[in-house]
Structure formats: C-alpha cells, structure tokens
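Quick notes on the structure that follows.
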Amino acid sequence: MRYLPKSQADREAMLREIGKTHIDELFAPFPPEYRLRGDLNVPRQMSEEEIVTYFKQRSEEMVADHTLMLGAGVYHHYRPVVIDALISRGEFFTAYTPYQAEIAQGTLQAVFEFQTMVCQLTGMEVANASLYDISTGIAEGALMAMRLTGRNETVIARTVHPEHREVMRTYTQHQAMPIREVGYAEDGRIDLKALDAAISDKTASVIIQSPNFFGTLEDVAAVADVAHNKGALLVVGIAEALSLGIVKPPSEADIVVMEAQSFGVPIGFGGPHVGVLATKEKNVRQMPGRLIGQTVDKDGHRGFVLTLSTREQHIRREKATSNICTNQGLIALVATIYMCIYGRRGLRGLAMQNLAKAAYAKSAFGKNAKVLFNEAPRFNEFVVQTKEDPKVINRRLLDHKIIGGLPLKNWYPELGNAAVWCATEMVGKEQIDTAAKAVRG
Amino acid sequence: MSPVDNSRIKKVRQHISQNEGLIFEKSSPGKAAYRLSALDVPEVDAESLLGAQVRDDLDGMPEVSEFEIIRHFTRLSTWNYAIDLGMYPLGSCTMKYNARVNEVVVRMDGLANAHPYLPPEMAQGALRIMKTLADCLIEICGMDAITLQPAAGAHGEMTGIMLIHAYFDNKGEKRKKILIPDSAHGTNPATAAMCGYTVENLRSNDQGMVDIEALAAQMNEDVAGLMLTNPNTLGVFETEIHKIADLLHTKGGLLYMDGANMNALVGKVRPGDFGVDVMHLNLHKTFSTPHGGGGPGSGPVAIKKHLEPFLPSPILIEKGGKLSFDYNRPKSIGRVKAWYGNFGMHVRALAYTLANGPDGLRQTTEDAVLNANYIREKLKDVYELPFNAPSMHEVVFSHKLQAAKGVKTGDIAKRLIDYGFHPYTTAFPLVVADHGAIMIEPTESEPKEELDLFIDAMREIAREAQESPETILTAPHTARVKRMDETTANRKPILRWKP
Chain A
1167 MRYLPKSQAD REAMLREIGK THIDELFAPF PPEYRLRGDL NVPRQMSEEE
1217 IVTYFKQRSE EMVADHTLML GAGVYHHYRP VVIDALISRG EFFTAYTPYQ
1267 AEIAQGTLQA VFEFQTMVCQ LTGMEVANAS LYDISTGIAE GALMAMRLTG
1317 RNETVIARTV HPEHREVMRT YTQHQAMPIR EVGYAEDGRI DLKALDAAIS
1367 DKTASVIIQS PNFFGTLEDV AAVADVAHNK GALLVVGIAE ALSLGIVKPP
1417 SEADIVVMEA QSFGVPIGFG GPHVGVLATK EKNVRQMPGR LIGQTVDKDG
1467 HRGFVLTLST REQHIRREKA TSNICTNQGL IALVATIYMC IYGRRGLRGL
1517 AMQNLAKAAY AKSAFGKNAK VLFNEAPRFN EFVVQTKEDP KVINRRLLDH
1567 KIIGGLPLKN WYPELGNAAV WCATEMVGKE QIDTAAKAVR G
Chain B
160 MSPVDNSRIK KVRQHISQNE GLIFEKSSPG KAAYRLSALD VPEVDAESLL
210 GAQVRDDLDG MPEVSEFEII RHFTRLSTWN YAIDLGMYPL GSCTMKYNAR
260 VNEVVVRMDG LANAHPYLPP EMAQGALRIM KTLADCLIEI CGMDAITLQP
310 AAGAHGEMTG IMLIHAYFDN KGEKRKKILI PDSAHGTNPA TAAMCGYTVE
360 NLRSNDQGMV DIEALAAQMN EDVAGLMLTN PNTLGVFETE IHKIADLLHT
410 KGGLLYMDGA NMNALVGKVR PGDFGVDVMH LNLHKTFSTP HGGGGPGSGP
460 VAIKKHLEPF LPSPILIEKG GKLSFDYNRP KSIGRVKAWY GNFGMHVRAL
510 AYTLANGPDG LRQTTEDAVL NANYIREKLK DVYELPFNAP SMHEVVFSHK
560 LQAAKGVKTG DIAKRLIDYG FHPYTTAFPL VVADHGAIMI EPTESEPKEE
610 LDLFIDAMRE IAREAQESPE TILTAPHTAR VKRMDETTAN RKPILRWKP
C-alpha cells in the first residue's frame, strides 16, 4: 500500500524487537470469535489514476457548468486562486487543533484575524473560532441565550431558513425548550405585531435571519426593540455574509450567527462550510466553541493561545457550554484569506455588484411575473410568483444551462407557485434576461 | 542556570523564521488584492435601495495587495508544525498522512460547485459517492445503516445519543442515565448532557478497562446506554466487550461506541459483530481527511437495524439504480445539519478507502498497532506504564518517574518540541494518576526511522529529567516563541485586534 512507509523486512525487524513472531499476536486482545478471517467487502485497492478516473466520472454525472440562479442558503461567488494556493500548504491543512501554542502560532494568529474580521463585519465585540455551519450555529445561539437569560422559550421567525429551523428543533428537543414560530408580514419580513404577542416573560431569545429566506432584509433595530422590551435576547442569523459589505451590521443583536460560505468556500454539495458565533463581550463566558486570545510569551513577544477553555467539554465535561470539539478550522482560514483579498473596499464593491444584479433581475422578472415582497429592501435574492409550477420553468431553463430558483411550495404552500431566485456577481445579464423570459410561462 | 544543551537533538536544527505582524498592521488605504469584473447591468444607488439599512463603511477591514497576502499566510504557515513535517503523535487524534489525490478529486468542478438543492437526477455523481462511502463504512463497522450528516465526532455523538433517546421514546420508556467510563473523552459527558441525560461515571479497573462488576451493579432499567470508546483512551481493547454488551442488552440498554480509536480495528474486527448498537466514526482520524488546524471533520453514525427509523432526515435511498433522498421519515430525530453533511470530507474518505482496498485497510491497522507497540517496548524502561494491559494503536505512559524531579507531562511535551516533534496528548485520559498521562499514537504513517528518532528524543528527555530538569521546565528553547502567559490571556482576554 503506497501510503505505508515500511517494507516487509522493516515490519519483521520491528516485530522481532518487541519479541513477537506474528503481527496477530498484537491483536490477541480481540476475542477470537469476532476476529475477521477474510477481506472486508470493499472495492479492491486502486491506483491513483483509477481513483482520479472514478471521481472524474462521478463529477461528470453532476450538472456543473450551469449558471446558478439558485441560492437559498448557499451562494456562488468567485473564488480567487490565492485561496487554494495558500490552504494547500501542508503546514495549514495537515496541522491539528492548535493545542501546543509554541508550534501552532500560524493557525492561532490566522484565527485571531478571523475573529477580528468577523467582529468588524457583524458589529459584535467577540467572535469564536468557528462552528460547523449556520444551521448548527442557530441552535447553539438559542442554547446560549437560554443560559444567559435563565429562560427557556424560543421565538423564531418563519423567514429563517427552514432547514436551520429544523436543526434547531433537533438540537434542543431534550432541553424542555418550547419553540414558537412567527409568520411574516406583507413585506416578507417578520410580523412585528405577531412577534410582540409571541414573546412572553419566559422567552430567552428571538431568532431572525437577515437577509431572510426570501432575501428580504429584516428591520433588525425594530425587532431588537420588541425583543429587548420583554427582556428577550435577539439572535440574528446571516446566511449570506457578503451582504455585510453594503448592509448595516446587526449591532442591536445580542448574538450573531454567520455562515461564511460566501467568503471563498466552495458550494461543495452543502459542505464543509463554516459557521461563526459572535456576541457582546459581557456574554463571552457563555459562548460555545473555541476562542483564540492574544498574550505574550516569557520573553514578552506577542503570541496567541486557545483561551477561556473552562467553558469547554475537555475541562467542564457535562457542564460545558457545548460538546463541540473539532470545528471548521481550515474553512475559517479560507474565509479569512477571502476577507483579506477583498478587504475594506472590495467587499463593498462586490456587494454593490450583487445588489445591482439582483435589482436588475428583479425588475426583469417583474415584467413577466409577480415579484413578491417588493417593498422591502433586499440583497441578492428575491421571490417570484408564477402561473406555472417553478419546476416546469426550471426544466425549461436547463436547455439554457441555467439552474433556476428554489420552489417554496414545500415550506410555504400559501405562496403558491413561488420560488426564491438569486443573482450574484457570477450571473450574467444575458442569463438573467433568458430566465426572466422563461418565467412568463 | 546552566546553558541548555541541545547537542543531542538529532531530528532538527534551527533555521530562519520570518517575523510577521497582523494583517491589519500591513493595511493602508488604497492597496487592494482584487479587481472586480466589469458590471454588465446598470449600477445602482445603494442608499435608495437599502434606505436606513445601508452600511457606511467597513472600518478596520484590511487593504493589502495580493502578494502581501501570499507572504503573510506563507509566513504564518511556517510557524506551524504539521504531519507533513514529521510525526504528530497526539493520542486519540490519529494524525496520519493526508493523501494529495484526495485534495485533487474533491476540487473537481462537478463536486466542488454542485448546489445541494440540485434535483437528485442532476446530482447522481455526488449521491453515488455518498452511497459508496456509506456502504464501505457499514461493512467496515459491521453495522446495518449509517448517516453521513454529522459534521464532526462530537456532532456524531450527539446524533447517536439522540437516536438512543428516540428508540426509548418510541418504546414509551423513560430512561434517565447514560453511563460513561472515567477514561472517556470530555465530549462524551458533554454530549449526554446536551441530550438531556444524567451522566453516571463508571470506574475503570486496575487494568484501565471497564470494571465489569461495577457495570453490573450500576446497570438497571434507568440506564439508556453506555458510551464506550474501544479501544479506550488508554489504547486498551476491552477484551470483555461481549460481556459488557450482554450486561447492557439484558437490561434493555444500548451500547454506544465512540469510534475515535477505530484505527486499531479496521479490517481486523468489527464493532457491529461484538454487540455495538450505535457508533460514530471520525473521518478526519481513521479515514485520513485532513484535520485542517481544527476541522472540518466528519462524524458519520453507523447503527443496527433497530435504530434505523430514527436516523436524521433525509436518508439516501436507491430505486432502480437511481439515488435520491427520502424526507418522509416520521420517526426521525430530525436534521442535525443543513443539507447532507460535510460532503467534501465524504469524497476524501472514499478516495482513501479506494486507495487502500481491503488489504491496505488491514495492513494500515496492523502497522498502526505495530508502531505503538514498538514505542511501548522501547520506552517502557524509562517511562512508567500505569496500566499493563496490551496496547493497541496507542500507548499511554505516565510522568511518575519524572515527576519526582518536578518534571510533568506538560513539561516533557514542551521539550519534545525542541527535539522536532509535535507533543503527544498530555494529561489525558484522566484515569492516569496525578493527571500525568503521556498518550502516544504514532499511526501507521511513521517509518521506522522517524519512530527511532522519537524514541531517542523521549529517552534523552528522560535522561535530562534526572540530570538537568531545568532544561525541560523552561522548554521549548528553540521554538519561535517561549511558553505563553495563559493566565493573563484568561484573566484579561484579548480576543480581537483593535485599531
């Protein structure tokens, strides 16, 4: 086997040195009746060429060269080549979690930079080293709010991504945490009156997403007022991180959970992506996940360490703030490099381009179909209601190598033939025009 | 203090290490590492579109050139130790070679750019990869079904314990406790607590194994299950595993196996055969997906048939050669993550499995166990073995012989850095007296020469502990930075840069 650096002679020599004659003597602790006598039934050993061919075939069974006008929680943005050049360095991708600070300063400093940039973008004061993704992050946010308030109910907007809501229900099913869902108003944002009615003196947090699943920007400040008035915390999920290039950060929130997939992370059939949780400084000791802190070494040189680990499972065990251990380190590095590349002006410029594409697309679609929630501000997604089933439209668009919007019927039957469409900077005017024609039906 | 003698270090010598500030400190207005493509639609006025929600500025975000970014992160990378540089013997972490072909195939267009909401007929390739990997893992574990959805080991644990919970809920039984051996990883009790269970500790016997009598005494109809790592965190296989499984099953409980140490079992024995009901795997350990400086991982959960109705939704199904997802799962615990898990890790793990085949997987396990036992044999006269039971893929010593001179496991670890190695896992598992564990897992990836250098380094440090303990207590001496002031970092946390 080509990855194994030993000859048969090496193996025999080593066995002799430990006083054994056959390798199976080392497996004596396995009860004999359970030992495997033959081969596992898995495919035979392949050459590198065979492996590449196998995956090339699988890759070709996918639709890959089409224009994506489909977002819905994962966004197709350009990935600068610098990212893969850097993360392919073995020193980054073959390192472990930075437990030994003296020989992990590279990872530690990069994560410190990540935490800083996430704070700057979200308007929060502290950010963790990452969570698995936004869906699990929303659940962690709800649990954290319970710990902070000592209350046990959660109110969540129906305009939060349906899968993220589902994950939160799974995570919290044994926490005695009643969940109330609040619908949306005519402008596609959370219904503030219904929200006010749904919050009780037991509500730990109100959870919204902005831009929400319909692409609409929630009025974060107004939601914060309603929540805070009743002593509940506000958790804001941001699934499209690039929106923060042009949209005001949700500084009024108590907890922000952001998905950073937009920042240079391949869509990759849904993962790995990278979530991050940010909050106000006073809440730091209830945060889940790893935190990197700045300090000095014995000689006074600046350095970085994993810190505040008394929150974590390896110290606190069953009393930890979360069971999370391995998170999304390398993907956080991807996002960090991306944020450096675009930086202060580029993120804004790119966000402006997305805004322009979606505005153009929205008006083009509006000529042939009904754009819902048209009054509220949005970033790069919009909902279109058509005469035809959107699945039929999408099938027609395949001839033009365009993947159309996500039909909403499964989750929002009241919207009828509606789909949420997305236009990032990767979608050309020509494709938008083609799609806009197709929705006419 | 006498000067530190580094003359006996064989594996490394020092070289130039570049200084590098924070990226923010290189920033100045007007520099840029990007150029936007020409916009083919009319420009818009953000203020008129977004009103009060328009953002003024992105204060503090860096402005740097492309080459500065390359240098910045390249310099940072050189401050890291990595498996590519040498042995990384962190116990229970299984730091093995991360094959480059895995990185190539995962970046293929059809896989890297596939949207998770593609209709299944347009995503057969990705689904086939998941199905093939699932089949391989089921076979390797000797189980009946699997979910690839969990994103890491701890996430898999949560999924597995929730499956157990759902199983009892479905039977109308309210069991309150999960038993966890005192040698367990911290994620085990943290997970049980997240799932609403009370954790009851199970003590180990003098061999570091589950105390069967204690288990028999603690096992009753209030116990939902036992979370067992096998081999356990001492690298010891629970030889009475079938008795353990029987004890649980007789009282209606289920056996959960933490598969963190599966690298000792693959191709030699299957957990499903010895009575495990539910287990997770860490693809970033046993199946060589890169650890990435702290993830991403992947934690598939394999189960026996009686838990199948409760698997996270959706599940992958095949009809007439076509794959799709089944969302209609009324008894499911629900989704544990958006979409289908860390798919990129599934691709890599399958590439690893295909590169190995059944013979390679078995040889891998044999080499991993051989390496650990070789280290044990060569160090057992200078480091105490707190438990004498045979080692599988890792060996756990204690610092008892060195602690007499004030040298503890954490200090030895720091000195090992000077010798050119990443330290072993320190102070864990907790069952080693005085938190003195020295937990070494070499994996199959180390050639004999690297093992011999490691052994030599550990022996030199044992000698230094007797002759010049100060050298160890002040280590590392040759790393870029000295020991960090962690106390201040904790007391006055600085968690971000500020302008």
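Protein sequences, first through last, are from chains A and B. Take any residue in the first sequence, count from 1 to its spot, add 1166: that is its number in my numbering. Take any residue in the second sequence, count from 1 to its spot, add 159: that is its number in my numbering. From the three backbone atoms N, C-alpha and C, an ideal C-beta is built for every residue, glycine too.
* Option in A/Asp1420, A/Ala1589, A/Arg1511 and A/Arg1331 with minimal Cα separation from glycine 1411 of chain A -> Locating residue 1411 of chain A in the first sequence gives position 245, where the first residue counts as 1. Ranking the options by Cα distance to glycine 1411 of chain A, first place goes to A/Arg1511.
* If the cut is a Cβ gap below 9 angstroms, which residues of chain A does aspartate 484 of chain B touch? -> Indexing the second sequence from 1 puts residue 484 of chain B at position 325. The sequence given here places phenylalanine at residue 484 of chain B; aspartate does not occur at that position. Neighbours of phenylalanine 484 of chain B on chain A: none; closest Cβ ~11 angstroms, over 9 angstroms.
* Asked: Would a check of beta-carbon distances place methionine 598 of chain B closer than 8 angstroms to chain A?
  -> Position 439 of the second sequence, counted from the first residue, corresponds to residue 598 of chain B. Chain A, which has no Cβ nearer than 8 angstroms to the Cβ of methionine 598 of chain B, makes this no.
* To do: Pick helix, strand or coil for tyrosine 1298 of chain A, following the three-state DSSP scheme.
  => For the purposes of this step, residue 1298 of chain A is identified with residue 132 of the first sequence, where counting begins at 1. The three-state secondary structure of tyrosine 1298 of chain A, taken from DSSP, is coil.
* **Where the alpha helix (DSSP H) containing methionine 353 of chain B begins and where it ends** => On the second sequence, position 194 is the one that residue 353 of chain B refers to. First-last of the alpha helix (DSSP H) with methionine 353 of chain B: 346 to 353.
* Going along chain B in order, which residues have a C-beta closer than 9 angstroms to the C-beta of tyrosine 1350 of chain A? -> Working through the first sequence from its first residue, we reach residue 1350 of chain A at position 184. Per Cβ cutoff of 9 angstroms: no residues; tyrosine 1350 of chain A is ~17 angstroms from chain B at best.
* Asked: What residues in the segment 236 to 252 of chain B bring their beta carbon closer than 8 angstroms to a beta carbon of chain A?
  -> Ser236, Thr237, Trp238, Asn239, Tyr240, Ala241, Ile242, Asp243, Leu244, Tyr247, Leu249 and Cys252
* **Buried/exposed call for glutamine 1223 of chain A, threshold 16 Cβ in 10 Å** => Position 57 of the first sequence, counted from the start, is the residue given in the question as residue 1223 of chain A. Under this definition glutamine 1223 of chain A is an exposed residue.
* Asked: So glycine 1441 of chain A and isoleucine 1300 of chain A are in contact, right, with Cβ under 8 angstroms, and what is the actual spacing, rounded?
  -> Here residue 1441 of chain A is taken as the residue at index 275 of the first sequence, counted from 1. Here residue 1300 of chain A is taken as the residue at index 134 of the first sequence, counted from 1. With 8 angstroms as the limit, glycine 1441 of chain A and isoleucine 1300 of chain A qualify as a contact, their Cβ atoms being about 5 angstroms apart.
* Please go through the same chain and pick out, in chain order, the residues whose beta-carbon is closer than 7 angstroms to the beta-carbon of valine 1402 of chain A, but skip the five residues on each side of it. => On the first sequence, residue 1402 of chain A is found 236 positions in, with the first residue counted as 1. Closer than 7 angstroms at the Cβ level, and outside the excluded window around valine 1402 of chain A, lie Ile1374, Ser1376, Val1386, Pro1416, Ala1419 and Val1422.
* To do: Note down the Cα distance separating valine 264 of chain B from alanine 592 of chain B, rounded to an integer number of angstroms.
  => Taking the first residue of the second sequence as position 1, residue 264 of chain B is located at position 105. Taking the first residue of the second sequence as position 1, residue 592 of chain B is located at position 433. Answer to the nearest angstrom: the Cα atoms are 46 angstroms apart.
* Under 8 angstroms between the Cβ atoms of proline 517 of chain B and leucine 1206 of chain A? -> Numbered from 1 along the second sequence, position 358 holds the residue referred to as residue 517 of chain B. Numbered from 1 along the first sequence, position 40 holds the residue referred to as residue 1206 of chain A. The answer is yes: Cβ separation under 8 angstroms.
* To do: Determine whether the Cβ of aspartate 1176 of chain A lies closer than 8 angstroms to any Cβ atom of chain B.
  => What you label residue 1176 of chain A is simply residue 10 of the first sequence in a count that begins at 1. By this cut-off, aspartate 1176 of chain A is an interface position.
* Asked: Cβ of aspartate 145 of chain B less than 8 angstroms from any chain A Cβ?
  -> The structure shown does not extend to residue 145 of chain B, since chain B is modelled only from 160 to 658, so the question has no answer here.
* Are alanine 510 of chain B and valine 260 of chain B closer than 8 angstroms when you measure CB to CB? -> Reading the second sequence from its first residue, position 351 is the one you call residue 510 of chain B. Reading the second sequence from its first residue, position 101 is the one you call residue 260 of chain B. The answer is yes: Cβ separation under 8 angstroms.
* **Positions along the segment 641 to 652 of chain B whose CB lies within less than 7 angstroms of some CB in chain A** => So the close ones are Lys641, Arg642, Met643, Asp644, Glu645, Thr647, Ala648, Asn649 and Pro652.
* **Contact set between serine 1254 of chain A and chain B, taken where Cβ atoms lie within less than 8 angstroms** => The residue you call residue 1254 of chain A lines up with position 88 of the first sequence. Those are Glu262, listed as they occur along chain B.
* To the nearest whole angstrom, what separates the beta carbons of glutamine 1519 of chain A and threonine 1233 of chain A, a pair I think is in contact under 8 angstroms? -> Locating residue 1519 of chain A in the first sequence gives position 353, counting from the first residue. Locating residue 1233 of chain A in the first sequence gives position 67, counting from the first residue. Not really, about 15 angstroms apart at Cβ, beyond 8 angstroms.
* Asked: Taking phenylalanine 1435 of chain A as the reference, which of B/Leu520, B/Thr291, B/Val437 and B/Pro275 has the closest Cα?
  -> Along the first sequence, read from residue 1 onward, the residue named residue 1435 of chain A stands at position 269. Ranking B/Leu520, B/Thr291, B/Val437 and B/Pro275 by Cα distance to phenylalanine 1435 of chain A puts B/Pro275 first.
* Does any C-beta atom of chain A lie closer than 8 angstroms to the C-beta of asparagine 422 of chain B? -> By one-based count along the second sequence, residue 422 of chain B stands at place 263. Cβ-Cβ to chain A under 8 angstroms: no for asparagine 422 of chain B.
* **aspartate 417 of chain B burial status per 10 Å Cβ neighbour count (16 or more: buried)** => Taking the first residue of the second sequence as position 1, residue 417 of chain B is located at position 258. It counts as buried.
* Residues of chain B with a CB under 8 angstroms from the CB of cysteine 1588 of chain A: which are they? -> As a first step, residue 1588 of chain A is located in the first sequence; it is residue number 422 there, counting from the start. Residues of chain B passing the Cβ test: none, with the nearest at roughly 10 angstroms.
* Asked: Assuming threonine 1487 of chain A and glutamine 1452 of chain A make a contact with CB atoms under 8 angstroms, what is their CB distance in whole Å?
  -> On the first sequence, position 321 is the one that residue 1487 of chain A refers to. On the first sequence, position 286 is the one that residue 1452 of chain A refers to. Indeed they touch by this definition, with Cβ atoms about 6 angstroms apart.
* Asked: Are any of the Cβ atoms in chain B nearer than 8 angstroms to that of methionine 1505 of chain A?
  -> Residue 1505 of chain A sits at position 339 when you count from the first residue of the first sequence. By this cut-off, methionine 1505 of chain A is an interface position.
* Of the residues that make up the segment 1278 to 1304 of chain A, which ones have a beta carbon closer than 8 angstroms to any beta carbon in chain B? -> Phe1278, Glu1279, Gln1281, Thr1282, Met1283, Cys1285, Gln1286, Leu1287, Glu1291, Val1292, Ala1293, Ala1295, Ser1296, Tyr1298, Asp1299, Ile1300, Ser1301 and Thr1302
* Determine the DSSP secondary structure at arginine 1482 of chain A, reduced to helix, strand or coil. => Taking the first sequence and counting its residues from 1, one reaches residue 1482 of chain A at position 316. Arginine 1482 of chain A: helix per DSSP, three-state reduction.
* Cα separation between phenylalanine 446 of chain B and alanine 258 of chain B? -> Counting from 1 along the second sequence, the entry for residue 446 of chain B is found at position 287. Counting from 1 along the second sequence, the entry for residue 258 of chain B is found at position 99. When rounded, the distance between both Cα atoms is 10 angstroms.
* To do: Have a look at histidine 1242 of chain A and leucine 195 of chain B and give me their C-alpha separation to the nearest angstrom.
  => By 1-based counting over the first sequence, the position of residue 1242 of chain A is 76. By 1-based counting over the second sequence, the position of residue 195 of chain B is 36. Their backbone Cα atoms lie some 15 angstroms apart in a straight line.
* Spell out the partners DSSP gives lysine 481 of chain B in its beta bridges. => Numbered from 1 along the second sequence, position 322 holds the residue referred to as residue 481 of chain B. For lysine 481 of chain B, which the question treats as bridged, DSSP gives the partners B/Lys478.
* To do: Report yes if the CB atom of leucine 1496 of chain A is closer than 8 angstroms to the CB atom of glycine 456 of chain B, and no otherwise.
  => Along the first sequence, read from residue 1 onward, the residue named residue 1496 of chain A stands at position 330. Along the second sequence, read from residue 1 onward, the residue named residue 456 of chain B stands at position 297. Going by C-beta atoms, leucine 1496 of chain A is not nearer than 8 angstroms to glycine 456 of chain B.
* Inter-stretch contact at 8 angstroms, needing at least 3 Cβ pairs: the segment 328 to 344 of chain B / the segment 374 to 390 of chain B -> yes
* In the structure shown, what three-state DSSP assignment does asparagine 1395 of chain A receive? -> Position 229 of the first sequence, counted from the start, is the residue given in the question as residue 1395 of chain A. DSSP places asparagine 1395 of chain A in helix when its eight states are reduced to three.
* Asked: Along chain A, in chain order, which residues have C-beta atoms closer than 8 angstroms to that of threonine 602 of chain B?
  -> Indexing the second sequence from 1 puts residue 602 of chain B at position 443. The premise fails here: threonine 602 of chain B is roughly 10 angstroms from chain A at the closest Cβ pair, so nothing lies under 8 angstroms.
* Leaving aside the five residues before and after serine 1409 of chain A along the sequence, list all residues of the same chain whose C-beta is less than 7 angstroms from its C-beta, in chain order. => Here residue 1409 of chain A corresponds to residue number 243 of the first sequence, with the count starting at 1. Within the same chain, and ignoring the five residues on either side of serine 1409 of chain A in sequence, the residues whose Cβ sits closer than 7 angstroms to its Cβ are Pro1377, Ala1517 and Phe1545.
* Beta-carbon proximity of valine 1537 of chain A to valine 1550 of chain A, cut-off 8 angstroms -> Start at 1 with the first residue of the first sequence, and residue 1537 of chain A comes out as number 371. Start at 1 with the first residue of the first sequence, and residue 1550 of chain A comes out as number 384. Yes, they are a contact pair.
* To do: Could you name the residues of chain B that methionine 1212 of chain A contacts, counting a contact when the two beta carbons are closer than 8 angstroms?
  => Position 46 of the first sequence, counted from the start, is the residue given in the question as residue 1212 of chain A. What methionine 1212 of chain A touches in chain B: Leu513, Ala514 and Gly516.
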